[in-house]
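Here is the structure we will look at.
Number of protein chains: 6
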Amino acid sequence: MYSVTVSHHVMIAHSLVGVVFGPAQQLHGATYVVEAELRRETLDADGIVCDIGRALDLLKAVLGEFDYRNLDELAEFRGRNTTTEFLAREIHRRLARRIGEGALVSTGAAAIHSLRVVLRETPVAWAAYDAPLE
Amino acid sequence: MYSVTVSHHVMIAHSLVGVVFGPAQQLHGATYVVEAELRRETLDADGIVCDIGRALDLLKAVLGEFDYRNLDELAEFRGRNTTTEFLAREIHRRLARRIGEGALVSTGAAAIHSLRVVLRETPVAWAAYDAPLE
Amino acid sequence: MYSVTVSHHVMIAHSLVGVVFGPAQQLHGATYVVEAELRRETLDADGIVCDIGRALDLLKAVLGEFDYRNLDELAEFRGRNTTTEFLAREIHRRLARRIGEGALVSTGAAAIHSLRVVLRETPVAWAAYDAPLE
Amino acid sequence: MYSVTVSHHVMIAHSLVGVVFGPAQQLHGATYVVEAELRRETLDADGIVCDIGRALDLLKAVLGEFDYRNLDELAEFRGRNTTTEFLAREIHRRLARRIGEGALVSTGAAAIHSLRVVLRETPVAWAAYDAPLE
Amino acid sequence: MYSVTVSHHVMIAHSLVGVVFGPAQQLHGATYVVEAELRRETLDADGIVCDIGRALDLLKAVLGEFDYRNLDELAEFRGRNTTTEFLAREIHRRLARRIGEGALVSTGAAAIHSLRVVLRETPVAWAAYDAPLE
Amino acid sequence: MYSVTVSHHVMIAHSLVGVVFGPAQQLHGATYVVEAELRRETLDADGIVCDIGRALDLLKAVLGEFDYRNLDELAEFRGRNTTTEFLAREIHRRLARRIGEGALVSTGAAAIHSLRVVLRETPVAWAAYDAPLE
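Residue numbers (our numbering), protein chains in the order written: chain A, 79 to 212; chain B, 79 to 212; chain C, 79 to 212; chain D, 79 to 212; chain E, 79 to 212; chain F, 79 to 212.
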């Protein structure tokens with residue numbers, strides 16, 4: 079199996095609802111360093127999983143949808159706890175949809191069968207969501 | 079699949095028995111940077127794999143059992159080669175036991191089904207043990 | 079010259095006032111990875127700049143004063159742009175005051191003559207403030 | 079499952095053929111930081127996956143076959159696009175062959191059943207090839 | 079003293095002339111991870127050394143002048159050994175000229191008095207050039 | 079000013095004498111990741127501070143003098159607290175002596191006027207010694 083991973087970052091504010099979150103119930107923020115690992119079994123005719131430049135642009139576009147924002151104020155996250163795990167799943171969903179729509183235009187991009195998204199929130203804690211692309 | 083990973087470090091002395099270890103047969107030491115990756119298929123009601131703070135505390139508690147120690151002198155390691163691989167397995171075993179005992183008290187913690195433990199010993203070498211939680 | 083550096087992190091929300099800040103004028107957040115470098119010309123009787131454990135505790139205590147907070151709501155930052163540079167200076171000021179008050183109780187701690195504080199906000203941007211201790 | 083990972087680097091020049099590569103069609107170069115993860119289910123009699131020193135030497139030997147070279151001029155790569163993904167596969171193939179020939183002489187080395195090779199080309203992009211050893 | 083540092087990378091091919099360079103006399107390449115540290119004594123009216131976004135754009139523009147190129151073919155480097163040290167000096171010169179021309183348009187940008195440029199070529203070797211801005 | 083930095087690591091055991099060291103009074107150990115920064119004002123005729131390969135070999139040779147050792151048992155450290163700060167100074171002294179003896183044989187090596195040695199002991203603590211070469 080081959081994979082290509084690209085990384086970018088995003089700076090957001092948010093608060094979390096639930097006693098388990100302790101001080102993180104207060105409005106605070108995070109720099110998330112986000113990695114997206116794209117996987118396929120064989121390479122395309124150019125010898126790649128996909129264009130790394132396009133993959134990086136795609137990740138930046140998806141992260142740009144909430145970069146420099148207070149997630150508590152975004153309608154799309156209303157009533158949801160924007161935990162690191164939730165955000166990993168959400169970024170996975172958005173990347174998957176765009177890949178399905180042809181964002182990685184390589185003729186072979188359909189062959190990308192799974193995706194792992196990692197969000198690093200501090201040097202000692204990170205979360206991931208890993209699932210097939212449908 | 080979701081995962082949360084926490085990281086902490088430990089500073090130990092030890093020696094290894096066997097010609098294969100060359101100079102590491104001498105009493106020497108290591109800073110191990112240890113990562114514990116906890117995995118489950120769905121998030122709990124709070125939207126998390128588990129409380130990251132509790133996971134970090136649990137890792138620190140387990141590493142505290144031999145931090146600043148000479149492993150050659152610990153009864154629990156008598157007659158064992160405390161290789162990086164062995165220690166990864168050992169930390170996995172101790173984390174698994176405590177998780178089974180409820181250390182990550184979230185009602186959903188039982189849903190954590192597997193665990194990967196990585197020990198980084200130098201910038202160019204690390205070892206891991208990865209197994210289901212029973 | 080000798081130095082000892084300790085590192086910890088803090089997760090905050092804030093917004094910045096001024097056209098130059100572009101999207102960072104919105105309420106957003108950051109994980110700052112903070113390094114404090116303590117310097118002296120000679121070591122104390124124990125052969126150290128200061129107790130690394132105490133230095134790390136001191137840094138954690140100072141960062142704890144605004145960890146998990148929205149800096150826009152703290153009276154102490156009213157009317158100030160809490161830029162990375164400003165925060166580096168502010169953390170420097172707070173560390174310096176506590177060092178002056180004996181937080182690093184070593185008899186030789188008075189010999190720490192200067193301090194550099196670095197705040198890493200993303201993998202590609204960081205700021206620092208470096209000045210003598212009075 | 080246990081694993082041991084070793085890392086080393088290589089500095090090469092190359093160019094890539096295909097419109098998808100944009101400016102990388104020009105002769106340029108890269109420092110690849112390469113990781114090789116060796117996996118087995120049980121440890122050998124010494125308590126290891128394999129000798130980390132030998133594993134590191136093996137990785138260095140394989141990388142030495144094209145370190146400080148222009149890949150466009152090497153007969154072995156004639157007519158191939160030496161993409162990061164391709165090189166991950168190629169290094170995997172060379173490591174696998176040598177492991178099969180006994181390069182990791184431990185009596186238990188036959189038990190190494192799979193191998194992951196990662197090539198980091200910039201701080202924001204890397205590729206990997208992961209496959210069983212036959 | 080305050081400083082702001084931004085980082086970006088560049089992928090180049092080149093060869094070096096001189097017995098001292100051993101195998102690096104061959105055409106090979108590198109990913110240089112480049113850091114530019116901008117320093118001033120006081121902050122401007124916005125509370126910054128300079129706009130970090132602009133500083134990052136400036137660094138990218140300067141590195142873009144030889145990204146994905148074979149330095150041996152660039153007229154500007156004819157007859158010069160493009161060592162890591164030389165390139166650090168060259169990037170410093172180009173950044174300094176553009177800063178002097180107003181690239182960091184903040185009214186306070188003239189107050190940036192010195193600049194350090196670091197080029198990381200492998201995980202175990204890097205070079206820097208540090209000098210005042212005239 | 080130009081600089082070149084090389085990095086390598088060493089794995090040692092030791093104990094420290096003094097109440098201030100708390101649990102580090104016990105025999106324990108460390109992986110020290112060591113950086114040596116060599117500085118000069120102008121480059122030599124080859125366009126370098128010194129041969130990076132030789133500098134790395136020199137650092138490895140000096141670290142090899144106590145790699146995989148228990149520092150408590152080395153005559154040269156008898157009666158000394160082998161703190162991180164002390165070891166930074168000691169490695170500085172040994173590198174300086176060998177540089178003075180011509181270890182970096184470049185005709186221009188005499189121009190290396192100062193040296194900074196950093197020892198990273200954990201991800202959150204490091205120490206350094208920085209001084210001119212005589």
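The beta carbon of each residue, even a glycine, is placed where N, CA and C say it ideally should be.
Close CB contacts of F:H92 within its chain, under the 6 angstroms cut and outside five residues either way in sequence, are with L149, D150, T160 (chain order). Judged by DSSP secondary structure, B:L193 falls within the beta strand (DSSP E) whose first and last residues are 192 to 200.
B:V202 and C:E154 have their C-alpha atoms roughly 45 angstroms apart.
Close partners of A:D135 in chain C (Cβ separation under 9 angstroms) are lacking, with about 16 angstroms as the shortest Cβ gap. The C-beta of F:E163 comes closer than 8 angstroms to at least one C-beta of chain C.
Identification of chain A residues near D:G96 by a Cβ-Cβ cut-off of 9 angstroms yields A123, D124, G125, I126, ordered along the chain. For B:L165 and E:A188, the gap between their C-alpha atoms comes out near 55 angstroms. Take the alpha-carbon of C:R167 and the one of C:G142: they are about 16 angstroms apart.
C:G180 counts as exposed, since fewer than 16 other beta carbons sit within 10 angstroms of its beta carbon.
Chain-ordered, the chain F residues with CB closer than 9 angstroms to the CB of C:D129 read V98, F99, G100. If you draw a 10 Å sphere on the C-beta of B:T83, you find 16 or more other C-beta atoms in it, and that means buried. No residue range can be given for A:D150, since it is assigned to no alpha helix (DSSP H) and is classified by DSSP as neither H nor E.
Spanning the alpha carbons of C:G125 and F:R158 requires a straight line of approximately 8 angstroms. In chain order, A205, A206 make up the part of chain B whose C-beta sits under 7 angstroms from the C-beta of D:S81.
Judged by DSSP secondary structure, F:E115 falls within the beta strand (DSSP E) whose first and last residues are 106 to 118. Under the Cβ criterion of 8 angstroms, A:A174 is not counted among the residues facing chain B.
In the three-state DSSP reduction, B:I90 falls in the strand class (E or B).
In this structure F:R117 is buried. Its beta-carbon is surrounded by 16 or more other beta-carbon atoms within 10 angstroms. For a Cβ distance threshold of 8 angstroms, nothing in chain E lies close to C:A108: the least Cβ distance comes to about 12 angstroms.
Put simply, the CB of D:N159 is near chain A, with a gap under 8 angstroms to one of its CB atoms. Chain F has no Cβ within less than 8 angstroms of the Cβ of C:V196.
Where F:D135 is concerned, the enclosing alpha helix (DSSP H) starts and stops at 130 to 142. Where A:A205 is concerned, the enclosing beta strand (DSSP E) starts and stops at 203 to 210. Ranking C:V98, C:L182, C:R172, C:G178 by CA distance to the CA of C:V195 puts C:R172 first. At a cut-off of 8 angstroms, the C-beta of B:V183 has no neighbouring C-beta in chain D. A:T109 is positioned such that its CB atom lies no closer than 8 angstroms to that of C:E113. In its own chain, leaving out the 5 sequence neighbours on each side, no residue places its CB closer than 6 angstroms to the CB of E:P101. Annotation: Cβ neighbours of C:I90 in chain A (cutoff 7 angstroms, chain order): H106, G107. F:G107 is positioned such that its CB atom lies closer than 8 angstroms to that of B:M89.
Remark: C-beta atoms of F:A209 and F:L193 approach each other more closely than 8 angstroms.
For F:R176, the enclosing alpha helix (DSSP H) has its first and last residue at 162 to 178.
Ranked by Cα distance from E:H170, the options E:E212, E:A123, E:R147 are led by E:E212. Residues of chain F whose Cβ lies closer than 9 angstroms to the Cβ of E:A188 do not exist, since the nearest Cβ in that chain is about 23 angstroms away.
In the three-state scheme derived from DSSP, where H, G and I count as helix and E and B as strand, C:V183 is classed as coil.
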